[in-house]
Amino acid sequence: MVPRMDATGDVPEKVAWVLVRDGRVLVTRNKGRELFYFPGGKREPGESDAETLVREIDEELQAAVVADTMVHFGTFETRDRVSGRVEFRMICYTADHRGDLAPAHEIAEMAWFDYGRRDRVSPADRMVFDALHEDGQLP
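Per this note's numbering, residue 69 is the first one in the sequence shown, and the count goes up by one each step.
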């Protein structure tokens, strides 16, 4: 997945779904990758965040995100250590869904991680794990 650039064309962006159940959060692993990531992806031209999330979750996990339940959880950015320039932005939402979750297309597997497994996710995703931990959702 190649994330979309922001409006200025400088920063790749991803719209991501944060689904927490029983102190664990849903993550997925793409075929050929070792790290896990929050499900979601880049916007298609003209798509809103809600349209993107609904489409991506349908494609990746064969489930229907209920768009009118989406709540912005946070926007997380990774930065270059030297220049401080933003390198990547992930816009995260919580939302309800309909249907069973099942990996599809490029998704090799899905898993439910607790905070202790944050070392198995990307650096941007670790920031979300930390925020969920601080919020008491991932003990």
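Using N, Cα and C, we set each Cβ at its ideal position, and we do this for glycine too.
Rounded to the nearest whole angstrom, the CA to CA distance from E124 to H173 is 11 Å. Uninterrupted beta strand (DSSP E) stretches at least 3 residues long and entirely within the segment 105 to 150 occur at 139 to 147, given in chain order. Distances from the alpha-carbon of L169 to those of V189, D126, R147 put D126 closest. CA-to-CA, the gap between V133 and A84 works out to about 12 Å. For H165, the pairing in a beta bridge is given by DSSP as V133. Contact check for L206 against G91 passes: the beta carbons are separated by less than 8 Å.
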